[in-house]
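In the numbering used here, the protein residues as written are 30 to 497.
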Ligand code: MSP
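Shown next as structure tokens:
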């Protein structure tokens, strides 16, 4: 059986889960379920990023010891994904001793490879991003992603990693189509331009941040949170039972603001530690809320639970993928979600299924083998999730609604062959749609399958009740 290892970023726990995190997690879930449905052996990893200044400061504000704070917030992420029926196989926490051990081992390898030196770091640091800001990161001398007070000037002695040593090799990998790992294509050129415009070595330890893993060769410094976090993808395969063979990862899914870390720093670290490189990274864009950035201060943050309360678990997942920002930012909002839910799920899909189930009640069905549509498969592999699920509607749902409305089989006698033929065609289409929907809405897909298996049975509930 082929192995398939997929990851999401591990989320910071200074905040509770919102639909930005949900976006990547649901996308990963769909891809994981797709590969399982194809008979592959899947390892789907997600988790929380718990070290660093940002988390320590948040815990302090809450008046809690940092670990106590982490133990309180991390389970909220795990619970959020369970509530959304996300099929992750392991939930990693960077405060897990087993992860910390692997971080120490990898750093030691990098050190032994002579890729580390001590130097003074001076410059701006954004606590929001947990990152050292370079000239190109700054907009009006500020971090464009976080409030100005999050940017602080730092001057300290740190351990540096010889990132520059690996740049020629990384450029070669990206430029060679066989070994290129950056998707979608637009991100590849973005990274190449940045790589060719001059790169500096990166600091990988912190002198004044206690909340972290101590640097193996220098107990006075802690490992920079990003270095610790990236290693989670590898460490999980080393300490979770039976997962060693899953490395290298098949797919790291991430948002656009962390592209550099995942496509340059992570690769360079692995090259230095002589560990195989991940096969693919896919970087998506952002959700915007009614045209604005989602932020606490604007008060426009949407939580996954808010969506579940309105649209149910599978309705929520559908709405998330139908607005998935594959390449460009995608504007979302509760009203838009409501319209989409009612139009696609309550009307087009829900009504079609209940109408056909009622009209064809008792009609025998043939159990034909269904396989994934090749166009659908390509769209899923390219993470064009909105289009992939739009395709199901175009191909099988809208066409069936049209057919029903044009041929009005309800005006014909139950035994009329014409009526039976039209309903048969609709049943086949619905079953194909349900087969493809299993990777997004498994429960609804199952209900549909049961309703049309062997003999059509009436549906005694509304799949997606209309909402106001
Ligand atoms: N802890 C780091 C990641 C370390 S991975 C080794 C981090 N965490 S985060 O909590 O800030 O999560 C960032 C990720 O959440 C993004 O890369 C993206 O996957 C998701 N999103 C956060 N906000 C988002 C939107 N507004 N829209 C879509 N996804 C976004 O960075």
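For every residue, glycine included, the Cβ atom is placed at its ideal position computed from N, Cα and C. Being a predicted model, the structure only gives us computed values, none of them experimental.
Taking 8 Å as the line, does the beta carbon of residue 113 fall inside it for any heavy atom of the ligand MSP?
-> Locating residue 113 in the chain shown gives position 84, where the first residue counts as 1. It does not: the Cβ of residue 113 is nowhere closer than 8 Å to a heavy atom of the ligand MSP.
Are the CB atoms of residue 242 and residue 132 nearer to each other than 9 Å?
-> Counting from 1 along the chain shown, the entry for residue 242 is found at position 213. Counting from 1 along the chain shown, the entry for residue 132 is found at position 103. For residue 242 and residue 132, yes; Cβs fall inside 9 Å.
Do the region 274-287 and the region 180-199 meet, that is, are 3 or more Cβ pairs less than 8 Å apart?
-> no
Hey, residue 308 and residue 274: beta-carbon distance below 9 Å or not?
-> Here residue 308 refers to the residue found at position 279 of the chain shown. Here residue 274 refers to the residue found at position 245 of the chain shown. Not a contact, by the Cβ cut-off of 9 Å.
Return the CA-CA distance between residue 52 and residue 447, expressed in angstroms with no decimal places.
-> The sequence position of residue 52 within the chain shown is 23, counting from 1. The sequence position of residue 447 within the chain shown is 418, counting from 1. Distance between the alpha carbons of residue 52 and residue 447 is about 44 Å.
Near the ligand MSP: residue 315 beta-carbon under 8 Å from a heavy atom | Taking the first residue of the chain shown as 1, we reach residue 315 at position 286. True, at least one ligand heavy atom lies under 8 Å from that Cβ.
Environment of residue 357 [buried if 16+ CB atoms lie within 10 Å] | As a working note, residue 357 is residue 328 in the chain shown. Exposed, by the Cβ-count rule.
For the region 57-69 against the region 34-47, are there 3 or more C-beta pairs whose distance is under 8 Å?
-> yes
What number of angstroms, rounded off, separates the C-alpha of residue 70 from the C-alpha of residue 118?
-> Taking the chain shown and counting its residues from 1, one reaches residue 70 at position 41. Taking the chain shown and counting its residues from 1, one reaches residue 118 at position 89. Distance between the alpha carbons of residue 70 and residue 118 is about 11 Å.
Identify whether residue 481 lies in helix, strand or coil by the three-state DSSP scheme.
-> As a position in the chain shown, residue 481 is number 452, starting the count at 1. Three-state result, residue 481: coil.
Kindly list the residues whose CB is nearer than 7 Å to the CB of residue 488, restricted to its own chain and excluding five residues on each side of it in sequence; keep chain order.
-> Here the question's residue 488 lines up with position 459 in the chain shown. Within the same chain, residue 488 has close Cβ partners 382, 383, 386, 480.
May I have the straight-line CA-CA distance separating residue 325 from residue 373, to the nearest angstrom?
-> The residue given as residue 325 occupies position 296 in the chain shown. The residue given as residue 373 occupies position 344 in the chain shown. About 31 Å.
How is residue 188 classed by DSSP in three states: helix, strand or coil?
-> Translated into the one-based positions of the chain shown, residue 188 becomes position 159. The answer is strand: DSSP assigns residue 188 an E or B state.
Would you decide whether residue 400 is buried or exposed? Buried here means 16 or more other CB atoms lie within 10 Å of its CB.
-> Your numbering for residue 400 matches position 371 in the chain shown. Classification for residue 400: exposed.
Other residues of its chain near residue 191: CB distance less than 6 Å, five sequence neighbours each side excluded | Within the chain shown, residue 191 is the residue found at index 162, counting from 1. Only 144, 230 meet the Cβ criterion.
Under the three-state DSSP convention, the category residue 352 falls into = Here residue 352 corresponds to residue number 323 of the chain shown, with the count starting at 1. Coil at residue 352, not helix or strand.
C-alpha gap between residue 473 and residue 330, whole angstroms | Numbered from 1 along the chain shown, position 444 holds the residue referred to as residue 473. Numbered from 1 along the chain shown, position 301 holds the residue referred to as residue 330. C-alpha separation (whole angstroms): 28 Å.
By DSSP, does residue 340 sit in helix, in strand, or in coil?
-> The count along the chain shown starts at 1 and reaches residue 340 at position 311. Looking at residue 340 - three-state DSSP - the assignment turns out to be helix.
Nearest residue (CA-CA) to residue 412, options 350, 317, 171 = Position 383 of the chain shown, counted from the first residue, corresponds to residue 412. Considering only alpha carbons, the answer is 350.
Alpha carbon to alpha carbon, how far is residue 260 from residue 176?
-> Mapped onto the chain shown, residue 260 falls at position 231. Mapped onto the chain shown, residue 176 falls at position 147. Using only the alpha carbons, I get a separation of about 28 Å.
Could you check which residue in 162, 300, 127 has the C-alpha nearest to that of residue 195?
-> The residue labelled residue 195 in the question sits at position 166 within the chain shown. With distances taken between Cα atoms, residue 195 lies closest to 300.
If we call anything under 9 Å between Cβ atoms a contact, is residue 124 one with residue 80?
-> To locate residue 124, count along the chain shown from 1; it is residue 95. To locate residue 80, count along the chain shown from 1; it is residue 51. Their beta carbons are under 9 Å apart, which means residue 124 touches residue 80 by this criterion.
DSSP beta-bridge partners of residue 148 | Numbered from 1 along the chain shown, position 119 holds the residue referred to as residue 148. The partner list for residue 148 (beta bridge, DSSP) reads 187.
Are the beta-carbon atoms of residue 316 and residue 355 separated by less than 9 Å?
-> As a first step, residue 316 must be located in the chain shown, where it is residue number 287. As a first step, residue 355 must be located in the chain shown, where it is residue number 326. No; because the gap between Cβ atoms is not below 9 Å, this pair is not in contact.
Helix, strand or coil for residue 131, going by three-state DSSP, please let me know.
-> For the purposes of this step, residue 131 is identified with residue 102 of the chain shown, where counting begins at 1. Note: residue 131 maps to helix in three-state DSSP.
Leaving out the 5 sequence neighbours to the left and right, which residues in its chain are closer than 6 Å to residue 138 when beta-carbon positions are compared?
-> The residue given as residue 138 occupies position 109 in the chain shown. So the qualifying residues of the chain are 302.
Is there a Cβ from chain C that is less than 9 Å from the Cβ of residue 226?
-> Note that chain C does not occur in the displayed structure, where there is just one protein chain.
Does the distance from the C-beta atom of residue 135 to that of residue 304 stay below 9 Å?
-> Within the chain shown, numbered from 1, the residue matching residue 135 stands at position 106. Within the chain shown, numbered from 1, the residue matching residue 304 stands at position 275. Going by C-beta atoms, residue 135 is nearer than 9 Å to residue 304.
Using three-state DSSP, classify residue 492 as helix, strand or coil.
-> Counted from its first residue, the chain shown places residue 492 at position 463. DSSP places residue 492 in coil when its eight states are reduced to three.
Compare the Cα-Cα distances from residue 283 to each of 39, 31, 30 and report the closest residue.
-> Indexing the chain shown from 1 puts residue 283 at position 254. Ranking the options by Cα distance to residue 283, first place goes to 39.
Do residue 68 and residue 31 come within 9 Å of each other at the CB atom, strictly closer than that value?
-> To locate residue 31, count along the chain shown from 1; it is residue 2. To locate residue 68, count along the chain shown from 1; it is residue 39. Yes, the pair counts as a contact, with Cβ atoms nearer than the cut-off.
In angstroms, rounded to a whole number, what distance separates the CA positions of residue 461 and residue 388?
-> Sequence index remark: in the chain shown, residue 461 carries index 432 (1-based). Sequence index remark: in the chain shown, residue 388 carries index 359 (1-based). Spanning the two alpha carbons is a distance of roughly 19 Å.
Exposed or buried, residue 197, counting other C-beta atoms within 10 Å across all chains shown (16 or more means buried)?
-> For the purposes of this step, residue 197 is taken as residue 168 along the chain shown, with counting starting at 1. Exposed is the call here.
Would you identify the three-state DSSP class for residue 93, choosing helix, strand or coil?
-> In the chain shown, the residue the question calls residue 93 occupies position 64. Note: residue 93 maps to coil in three-state DSSP.
Run through DSSP, which three-state label would residue 195 get?
-> Here residue 195 corresponds to residue number 166 of the chain shown, with the count starting at 1. The answer is helix: DSSP assigns residue 195 an H, G or I state.
Cβ neighbours of residue 265 in the same chain (closer than 7 Å, five flanking residues each side left out) | One-based indexing of the chain shown puts residue 265 at position 236. Excluding positions up to five away in sequence, the list reads 74, 119, 121, 272.
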